[in-house]
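My numbering puts the first residue of the sequence shown at 774, with every later residue one more than the last. Notes follow once the structure below has been shown.
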Amino acid sequence: MKRIVKCFLFIIIVLFSVFPAGESLADQMIVPGERIGNMHIGMKKQEMLKILGQPDKSVLTTAEGFREYQYMEKHLLIIDIDPGTDRIKYIATGISSGYSTKNGLQVGIAAKSVTDIMGNVKPVKVSGNAYSLKYPKQGIEFIIRKKNGGEKVFIIIIKAKK
774 MKRIVKCFLF
784 IIIVLFSVFP
794 AGESLADQMI
804 VPGERIGNMH
814 IGMKKQEMLK
824 ILGQPDKSVL
834 TTAEGFREYQ
844 YMEKHLLIID
854 IDPGTDRIKY
864 IATGISSGYS
874 TKNGLQVGIA
884 AKSVTDIMGN
894 VKPVKVSGNA
904 YSLKYPKQGI
914 EFIIRKKNGG
924 EKVFIIIIKA
934 KK
């Protein structure tokens, strides 16, 4: 019996050393201004690659000059890296997923629910069928795309502005 208990404790210790609290690949928490899952604003590209591996598609360059890494197949994330610092600048998710804030904001939520929870801000048009609700002090932005009579909500985590 002592041997089983020791073995169990050893496994628990190993798991906590490999996946510290809040950092496992199963982490589905969105923390505005900080992270989605285990990807953090400011994290080094090499650390991201170590955790997520190579992206699903070729790395793209965005209009802003950032390098975009798409991990849609397994992690449902798009991550932009600032080439000047080699660190994560933005983290986005736009496919229905388990990612959620502690107050229930998640991909696919109704735009009205976003403003009910976050407060009203002036929408900014980003394309013909999409607009943005930006909350820079909280470090989160929502892109709402109107399609087929409905709305699709995407979530982008940015560094919070003070």
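C-beta atoms are modelled at their ideal positions from N, C-alpha and C, and glycine is treated no differently.
List the endpoints of the continuous alpha helix (DSSP H) containing residue i.
i: Val-887; result: 884 to 891
Might you give, ordered along the chain, the residues of its own chain that have their beta carbon closer than 8 angstroms to the beta carbon of residue i, omitting 5 neighbours on each side?
i: Ala-794; result: Residue placement at Ala-794 is flagged as unreliable, the pLDDT there being 38, under the threshold of 50; the coordinate-derived value follows with that caveat. None.
i: Phe-839; result: Asp-853, Ile-854, Asp-855, Pro-856, Lys-862 and Tyr-863
i: Ser-873; result: Gln-801, Met-802, Ile-803 and Gln-879
i: Val-894; result: Thr-888, Leu-906, Lys-907 and Tyr-908
i: Asn-876; result: Ile-890
i: Gly-815; result: Arg-860, Ile-861 and Lys-932
Can you tell me where the beta strand (DSSP E) holding residue i begins and where it ends?
i: Gln-843; result: 840 to 844
i: Glu-820; result: Element bounds for Glu-820: not the beta strand (DSSP E) but the alpha helix (DSSP H), 818 to 825.
i: Thr-866; result: 860 to 866
i: Gly-810; result: Where Gly-810 is concerned, there is no enclosing beta strand (DSSP E), given that its DSSP letter is neither H nor E.
i: Ile-852; result: 850 to 855
i: Gly-871; result: From DSSP, Gly-871 is part of no beta strand (DSSP E); its letter is neither H nor E.
i: Gly-923; result: 923 to 930
i: Ser-905; result: 903 to 908
i: Ser-831; result: That residue, Ser-831, is in no beta strand (DSSP E); it is neither H nor E in DSSP.
i: Glu-914; result: 913 to 920
i: Val-894; result: Val-894 -> no beta strand (DSSP E), and no H or E assigned at all.
Measure the Cβ-Cβ separation of residue i and residue j and say whether it is below 7 angstroms.
i: Ile-930; j: Ile-824; result: no
i: Gly-806; j: Gly-912; result: yes
i: Val-926; j: Ile-890; result: no
i: Asp-853; j: Gln-843; result: no
i: Lys-907; j: Lys-934; result: no
i: Glu-924; j: Ile-916; result: no
i: Asp-859; j: Lys-818; result: yes
i: Ile-928; j: Val-897; result: no
If you drop the 5 nearest sequence neighbours on each side, which residues of the same chain put their C-beta closer than 6 angstroms to that of residue i?
i: Glu-846; result: Asp-829
i: Ala-884; result: Ile-917 and Glu-924
Sorted by chain position, which residues of the same chain lie with C-beta nearer than 7 angstroms to residue i's C-beta, five sequence neighbours on each side aside?
i: His-813; result: Glu-807 and Ile-861
i: Asn-902; result: Arg-918, Lys-919 and Lys-920
i: Val-899; result: Ser-905 and Ile-916
i: Pro-833; result: Looking at the sequence itself, residue 833 is Leu, so the reference to Pro does not match. Glu-841.
i: Thr-835; result: Glu-841 and Asp-853
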